[in-house]
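Visitor:
This is the structure we're talking about:
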């Protein structure tokens, strides 16, 4: 493999790695929001307030009950 091809492959690998990290962070944040919403439901917060604070869809919050 030539040097230019190696550089292109390396750039592609780095790009995929960065994309994977971003997706992982995004999923982690969503999971954290759901956990917070569950705790808020247990403490008696209403669904609208939970929606406003976590920005989770109301339908998703209702499924957490």
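Numbering (my numbering), first residue to last: 271 to 335. Glycine is no exception: its CB is placed at the ideal position from the N, C-alpha and C atoms.
As a quick exercise: from 288, 306, 291, pick the residue whose alpha carbon is nearest that of residue 322.
Guide: Translated into the one-based positions of the chain shown, residue 322 becomes position 52. Out of 288, 306, 291, 306 has the C-alpha closest to the C-alpha of residue 322.
Visitor: What's the C-alpha gap between residue 332 and residue 290?
Guide: The count along the chain shown starts at 1 and reaches residue 332 at position 62. The count along the chain shown starts at 1 and reaches residue 290 at position 20. If you take the alpha carbons of residue 332 and residue 290, they lie about 30 Å apart.
Visitor: Within 10 angstroms of its Cβ, does residue 284 collect 16 or more other Cβ (buried), or is it exposed?
Guide: Translated into positions along the chain shown, residue 284 becomes position 14. Flag for residue 284 reads exposed.
Visitor: Classify residue 314 as helix, strand or coil using the three-state DSSP reduction.
Guide: Here residue 314 refers to the residue found at position 44 of the chain shown. Coil, per DSSP.
Visitor: Could you give the distance in angstroms between the alpha-carbon of residue 316 and the alpha-carbon of residue 275?
Guide: Position 46 of the chain shown holds residue 316. Position 5 of the chain shown holds residue 275. In a straight line, the C-alpha of residue 316 is about 57 Å away from that of residue 275.
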